[in-house]
Amino acid sequence: MFDFLRPHQVIFMMTSVAKPLLVLILFAVTLLMNLPFGYFRKKERKYSFKWFLYIHLPIPFIFVMRVMSHIDFRYIPLFVLAAVIGQIFGGRIHTH
2 MFDFLRPHQV IFMMTSVAKP LLVLILFAVT LLMNLPFGYF RKKERKYSFK
52 WFLYIHLPIP FIFVMRVMSH IDFRYIPLFV LAAVIGQIFG GRIHTH
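Per the numbering used here, the very first residue in the sequence shown carries number 2; after that it's consecutive.
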């Protein structure tokens with residue numbers, strides 16, 4: 002029986018469809034979160050402090066999302082890929 006006072010139980014009762022869907026949602030959120038950071042990164046001089054900051058600032062938020070959703074560490078390369086894609090696409094929407 003599900004106890005509504007413990008919503009984290011939903012994560013542990015995931016079906017075979019729910020976990021891949023959650024991973025896909027986190028992938029999309031990671032990609033979308035990195036779009037504005039890629040946009041701002043492109044405006045900065047390469048290897049400057051702000052350039053470095055715009056690349057690394059989203060990482061703690063992605064980590065917290067992954068840990069709170071109880072997604073295994075084996076999916077980290079997938080989220081890194083989403084972050085890189087978001088940074089690249091964000092940099093491409095930069096206009097001079």
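Cβ coordinates follow ideal geometry from the N, Cα and C atoms, glycine included.
The Cβ atoms of G87 and L25 lie no closer than 9 Å to each other. Setting aside the 5 residues that flank it on each side, F90 is surrounded in the same chain by L36, G39, each with a C-beta closer than 7 Å to its C-beta; the list follows chain order. DSSP places K44 inside the alpha helix (DSSP H), whose first and last residues are 19–44. Our two residues, V81 and V30, have alpha carbons roughly 12 Å apart in a direct line. Of the candidates L54, V18, Y76, L22, the residue whose Cα lies closest to the Cα of F64 is Y76. Here the C-alpha atom of I94 lies approximately 16 Å from the C-alpha atom of A84. DSSP, reduced to helix, strand and coil, places I86 within a helical segment of the structure shown.
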